[in-house]
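Enquirer: Before anything else, here's the structure in question.
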Ligand SMILES: Cc1ncc(COP(=O)(O)O)c(C=O)c1O
């Protein structure tokens, strides 16, 4: 790979050809081979949002006053979503670059509130299954995270919450649902406890916010999880997930402007003019906001309902097929089209199955604590569900017949991680690996780039070396 920018430019055809070649090893997610990360309706929808993105491709929405059109589009997305999330009059919200930014803003707002009350090391309470974006925000903002235990169904245990609340607690979080297993935390009970102590309660509906309203509208009963719960003060919901927008768009909605005011930033004396933002970003891509609007407006309520219905049916079909396999169990009570499964008593070894599935061309999301495999099931999986289940059955038979495989591949990796004396060692190695993706020197970038998709493989190699070293001692 050349280190300097090539002298001669390329035509559009040449560019596309080169990029296409680079993509040849990517997972074919449109054919349902991946079970996470991509949120897709169909080609028709894709064309609509791409065209909308294109319309506002160059527009910079750093300041809502420059483009009245984008301001209007953002406003409408916020208003439609607010009604979907049952927000009361007086709500305040904005679009951000993604779930992590929405979460950062909420944590930041909570910290500012704490500061105004003289709390030096404020705390947030987060279920063990809560998204890492909260811990990342807390680390940046010098706050402490207190972890709320989850039960065997992976839902937060509200009775333990009271013991974690103190005068330093400035935010409590619940997931609707949690990403790993698709289960809903007991939002009502948790929010009530927080409200009784005057503590804000955030619902992380990044993955569920644009799905659960339709789950309910389709007649499934869910425990209340949105602004209908009086103690809920804010909700994050990602348009770039089940809002089917372009990547780079999430919604942050507050019950009122009290917390919003805490994450506004203004510098009035900057020589470049008065600078003011409500979120973290400066430049904001007009395209992502236009695509968000086009996605909601293009599908309409009926489109969302129909898509949700297909997704739920696909998930329920896959779930019943997996439940029919005696060696497997679904974790907890998934509330939408996200779930995780594991082998009963970890027999046979789940990660031999995972390696087997990967060899068959499936992208597999391995999770731990407890060991399980993640599935986000959507419309584009419908044609491959039977193939997947067949491969799972064959993989289980393979795992039973070849138990020694647990010492190879990622099976060994996760087995080892479960036994490692300290998570700190793994963290250290992963940091080292991530660093190598970005740092020039020792040729690391050139070597690392082809290996990025298999970073688990790199970690694996390190852990196997570590294992060998340990065995020799
Ligand atoms: C429940 C939940 N919260 C937060 C996030 C973070 O969102 P993002 O990756 O857009 O920053 C995710 C992402 O999957 C999520 O599932």
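In the numbering used here, the protein residues as written are 1 to 473.
A virtual CB, placed ideally from N, CA and C, is assigned to each residue, including glycine.
If you run the structure through DSSP and keep just helix, strand and coil, what is residue 408?
Expert: Residue 408: coil per DSSP, three-state reduction.
Enquirer: Taking the beta carbon of residue 390 as the centre, do at least 16 other beta carbons fall within 10 Å, making it buried, or is it exposed?
Expert: Classification for residue 390: exposed.
Enquirer: Between the beta-carbon of residue 62 and the beta-carbon of residue 255, is there less than 8 Å?
Expert: No. Outside cutoff.
Enquirer: Give me the residue from 315, 169, 58 and 95 with the minimum Cα distance to residue 73.
Expert: If we check each option's Cα against that of residue 73, 95 comes out closest.
Enquirer: Pair every Cβ in the segment 14-26 with every Cβ in the segment 267-278, then say whether three or more of these pairs are closer than 8 Å.
Expert: Because the criterion of three Cβ pairs below 8 Å is not met, the segment 14-26 and the segment 267-278 do not touch.
Enquirer: May I have a chain-ordered list of the alpha helix (DSSP H) segments no shorter than 4 residues that lie completely inside the segment 59-135?
Expert: Segments of the alpha helix (DSSP H) lying fully in the segment 59-135: 68-84 and 99-116.
Enquirer: Kindly list the residues whose CB is nearer than 7 Å to the CB of residue 449, restricted to its own chain and excluding five residues on each side of it in sequence; keep chain order.
Expert: Note that residue 449 has pLDDT 38, beneath the 50 cutoff, so the model's placement of it is unreliable and the number below is only indicative. Cβ within range, chain order: n/a, list empty.
Enquirer: Regarding residue 187 and ligand 1, is the C-beta to nearest heavy atom distance less than 7 Å?
Expert: Outside the cutoff, so no.
Enquirer: Would residue 251 pass as a contact of residue 406 if the rule is Cβ separation under 8 Å?
Expert: No, the pair does not count as a contact, with Cβ atoms beyond the cut-off.
Enquirer: Per DSSP, what kind of secondary structure is residue 188 in: helix, strand or coil?
Expert: Three-state DSSP puts residue 188 in a helix.
Enquirer: Taking contact to mean 3 or more Cβ pairs, one atom from each stretch, closer than 8 Å, check whether the segment 94-109 and the segment 144-156 are in contact.
Expert: Not touching, per the Cβ criterion.
Enquirer: Return yes when the Cβ of residue 335 is within less than 8 Å of the Cβ of residue 289, no when it is not.
Expert: Contact flag unset, no.
Enquirer: By DSSP, does residue 428 sit in helix, in strand, or in coil?
Expert: The answer is helix: DSSP assigns residue 428 an H, G or I state.
Enquirer: Residue range of the beta strand (DSSP E) that residue 338 falls in?
Expert: Segment 338-343, the beta strand (DSSP E) holding residue 338.
Enquirer: Whole-angstrom Cβ separation of residue 163 and residue 127, contact assumed at under 8 Å?
Expert: Contact flag wrong, Cβ pair sits at about 14 Å.
Enquirer: For the beta strand (DSSP E) containing residue 232, list its first residue and its last residue.
Expert: That run of the beta strand (DSSP E) goes 232-238.
Enquirer: Counting only the same chain and skipping the five closest in sequence on each side, list residues whose C-beta sits under 7 Å from that of residue 92.
Expert: Within the same chain, residue 92 has close Cβ partners 254, 256, 257 and 260.
Enquirer: Starting from residue 276, trace the beta strand (DSSP E) in both directions and tell me its first and last residue.
Expert: Where residue 276 is concerned, the enclosing beta strand (DSSP E) stretches over 275-277.
Enquirer: Answer yes or no: do residue 192 and residue 231 have a C-beta to C-beta separation smaller than 8 Å?
Expert: Yes, Cβ-Cβ distance for residue 192 and residue 231 is below 8 Å.
Enquirer: Give, in chain order, every unbroken run of the alpha helix (DSSP H) that is at least 4 residues long and sits entirely within the segment 191-235.
Expert: Runs of the alpha helix (DSSP H) inside the segment 191-235: 212-217.
Enquirer: In the DSSP assignment, the alpha helix (DSSP H) including residue 317 goes from what residue to what residue?
Expert: Where residue 317 is concerned, the enclosing alpha helix (DSSP H) stretches over 286-323.
Enquirer: Cβ atoms of residue 342 and residue 371: under 8 Å apart, would you say?
Expert: A contact, by the Cβ cut-off of 8 Å.
Enquirer: With 16 as the cutoff for other CB atoms within 10 Å, does residue 266 come out buried or exposed?
Expert: That one is exposed.
Enquirer: Per DSSP, residue 335 forms a beta bridge with which residues?
Expert: Looking at the DSSP assignment, residue 335 forms no beta bridge with any residue, so it has no partner.
Enquirer: Answer yes if the segment 197-206 comes into contact with the segment 341-359, meaning at least three C-beta pairs across the two stretches below 8 Å, and no otherwise.
Expert: No, the segment 341-359 does not touch the segment 197-206.
Enquirer: Looking at the structure shown, is residue 402 part of a helix, part of a strand, or coil, going by DSSP?
Expert: Residue 402: coil per DSSP, three-state reduction.
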